[in-house]
Amino acid sequence: MKESISFESADLADHGLLRRGLERIAELFAMTGGLILLALVNMSLVSIIGRKLFATPIRGDMELMEVGAAIAIAAFLPLCELRGSHLKADAFTLAAPEAVRRVLDGLAHGFCCFAALILAWRTTLQLLDNHEYGDVTTLLSIPLWIPLMLIVPSLVLLALCSLARVTDIIRKPGVEA
Amino acid sequence: MSGLSLGLIALAVTMSMLVLRIHIGVTMLAGGALCYWAVNDGDFNGLLFTLNNLAYSRLSNYDLAVIPLFVLMGQFATHGGLSRAIFRCAAAFVGHLRGGLGISAIGACAGFGAICGSSLATSATMSHVALPELRRHNYSGRLATATVAAGGTLGILIPPSVPLIIYAVLTQESIAKLFVAAIIPGILAVLGYMIVLRIMVAREQTACDALEKVSSAERVKALVKIIPVIGVFLVVIVGIYGGWANPTEAASIGAAACGILAVLQGGMRWPGMRKSLLGTAETTAMIFLVLLGADLLNSGLALTQMPIELMEWVKSAGLEPMLVLVAILLLYLVLGCVMDSLAMILLTIPIFYPMIIGLDFYGLDASEKSIWFGILALMVVEIGLITPPLGMNLFIVQRAAGDVPFMETARGVLPFLASDLVRIVLLALFPAISLWLLSL
């Protein structure tokens, strides 16, 4: 399985203000997601200890984990796109001329943008539905539209990040995306 | 159009987009969308309705929440310098033997793999810890890099292992059982690599110096340092298998324990913490985009009935079950050279799994078959990490070494690959290797 190791992104100095701003926001989203994850770890520990020692687990700990994980993972998506580390199979095009690869990569990020926008649109509709019918989670009665509302911005940001990658490619011929 | 041909067309579309460097997750979304669209006779409403809840339902799946937690655990282990303690301990015990330092490197990879579910992270961190030591003791560049690259695959073969979790979720198999079933094959892998290394050292032109023998007191000291690491592994595995924590909770415990170890023992501070969190973010995102796509593709394929029709066809064609298995494994070997293991599992398991379950192997029952095949698939798929010319582990280690030509690393890894193949044949012939621990 592929996994990111080397990490801090490449030279940002030659990016415009807008692009750097986007990078900051994507990082902020990812860090927020990471902190949510840490909070979930703590919540889980407290729940296990409570259940084992005092027979009082945190009520609805599984629901909290689900809701929290969904928000956190969605917040992770944009940074990954901006840094170009989403999985692709580049083995087949290794021999292709660079220009061809750049066009293909531009297309790929375009597709990603499209997919993210559709998901954001449909999730928003679902959110409105949930809001209208007052759907809640089973144990804690958390209104379902809240977590959905919290993942939509991440999906929109994902679309923006793919768009940024497309413009990167258009603007700077000769730089591999 | 028959379901079979529709499904195959959808797969072909997915594959051809994939060849064109489009994000694997996005290609799967497209393939899945095509299935929905075609099954509904060109009507988009069914597809759009499915998409409404796709993102949230997949991201909020409780079983999948175990993935970011295990990734976080691995990141803490990586950035917390836990690999160094493990390597030192292994070296203290076997470093004085001939080829002992190489054996220590493999042992340390295995130890690190027990708290980290990723091969690339394992080979990357071991490149920093073990590679300089190996070179300093006159191991040739070829042998040193190949040892670390091959050892890196242990990161995933030894549980916890992210591909196994995904296999478990796809096939509704128990994560606990799969982890336990992977233990003996993982140990076999370690032994196989050690034997290969020993043979290679004997044939080396260069010296491959041994370390000086260390005193028992030193050994005990080194061992004490890794007791927490062993503890974390045991708590996670025993916790899951013993049933007092579900996998997600066990992963939480593991992540917390590794985080505490990284801070106390490895001296991790805010920069390391930040790196761990951002690393977790990137890795998790990369996995979940593919999971999102696979969700749509798999439900789309199920809608076309393609996997079932394919299974019926294989059954009625009266093919020898072993032949089918060999064909699948060979396909994995080939695909593994060009594709990421995770994407491969997500793309193929929904199609191959019903086939394997439908066929008869050694009279195993369905649950045994699914565990046996899961371990087998994991082993084959992970070989892709060290198959030249595109094995990711090779690139990582070779880049870390700096002065070793890629061809040297690639050639050096071939004997290790041979041991992988032998192990896979053994596993295919003797399902008991995976299943025995479960029968206790």
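Protein sequence lines, in the order shown, are assigned to chains E and A. Residue 292 is where the first sequence starts when you use the numbering used here, and the numbers rise one by one after that. Residue 8 is where the second sequence starts when you use the numbering used here, and the numbers rise one by one after that. Yeah, the Cβ is synthetic: ideal placement off N, Cα and C, and Gly gets one too.
- Interface annotation, A/G32: in contact with chain E, CB-CB separation under 8 Å.
- One Cα belongs to E/A450, the other to A/L298, and the distance between them is close to 18 Å.
- Partner residues in the beta bridge of E/V427, as assigned by DSSP, are E/P434.
- Taking A/T152 as the centre and dropping the five residues before and after it, the same chain places the C-beta of V404, Q405, A408, V411 and T416 closer than 6 Å to its C-beta, in chain order.
- Residue burial annotation: A/Y146 is buried, with at least 16 other C-beta atoms found within 10 angstroms of its C-beta.
- Per the coordinates, the alpha-carbon of E/I364 lies some 19 Å from the alpha-carbon of A/A257.
- E/V332 and A/L76 have their alpha carbons spaced roughly 8 Å apart.
- If you compare the alpha carbons of A/M318, A/M351, A/L89 and A/L108 with that of A/R142, the shortest gap goes to A/L108.
- Within chain A, no residue has its beta carbon less than 7 Å from that of E/C452; the closest one is some 11 Å off.
- Residues of the region 309 to 333 of chain E that bring their beta carbon within less than 8 Å of a beta carbon in chain A comprise E318, A321, M322, G324, G325, L326, L328, L329, L331, V332 and N333, in sequence order.
- Assignment of A/Q179 by DSSP, reduced to helix, strand and coil, places it in the coil class.
- In terms of Cβ geometry, A/M201 and A/I113 form a close pair [threshold 8 Å].
- Taking a beta-carbon distance threshold of 8 Å, E/P438 counts as an interface residue toward chain A.
- Interface residue (Cβ-Cβ distance to chain A less than 8 Å): E/R413 is classified as such.
- A/T287 has a beta carbon lying within less than 8 Å of a beta carbon in chain E.
- Shown here, E/A386 sits in coil according to DSSP, grouped into three states, outside any helix or strand.
- In this structure, the beta-carbon distance from A/S441 to A/A188 falls below 8 Å.
- With a threshold of 8 Å between beta carbons, E/L416 makes contact with chain A.
- Of the candidates A/A252, A/I364, A/R281 and A/L371, the residue whose Cα lies closest to the Cα of E/L329 is A/R281.
- For E/A455, the closest Cβ of chain A is not nearer than 8 Å.
- With contact defined as three or more Cβ pairs closer than 8 Å, the region 261 to 272 of chain A and the region 234 to 242 of chain A are in contact.
- Counting only Cβ-Cβ distances below 8 Å, A/A252 has contacts in chain E at I339, in chain order.
- For the region 230 to 245 of chain A, no residue has a beta-carbon sitting nearer than 9 Å to a beta-carbon of chain E.
- In terms of CA proximity to A/L284, E/M322 leads the group E/M322, E/L448 and E/R311.
- Cβ-Cβ distances below 8 Å link A/V388 to P170, Y339, G343, S348, M351 and I352 in the same chain, with the five nearest sequence neighbours on each side left out; the list follows chain order.
- Using a Cβ-Cβ cut-off of 8 Å, E/A365 is close to A62 and L66 of chain A, given in chain order.
- Between E/L370 and E/E318, the beta carbon gap of about 6 Å places them in contact (Cβ cut-off 8 Å).
- In the structure shown, the three-state DSSP call for A/H103 is coil.
- For the region 148 to 211 of chain A, the continuous alpha helix (DSSP H) assignments of 4+ residues that do not extend past its boundaries occur at 148 to 159, 161 to 164, 169 to 178, 182 to 188 and 190 to 210, in sequence order.
- Contiguous alpha helix (DSSP H) elements confined to the region 20 to 48 of chain A occur at 31 to 46, taking only those with 4 or more residues.
- About 5 Å separates the Cβ atoms of A/T287 and A/V78, confirming a contact at the 8 Å cut-off.
- Leaving aside the five residues that flank A/V221 on each side, the residues in its chain whose CB is nearer than 6 Å to its CB run, in chain order, A99.
- Among the residues of chain E, none has a CB under 8 Å from the CB of A/M35; the nearest is roughly 10 Å distant.
- For E/I409, at least one C-beta of chain A is nearer than 8 Å to its own C-beta.
- Secondary structure at A/N253: coil, using DSSP grouped into helix, strand and coil.
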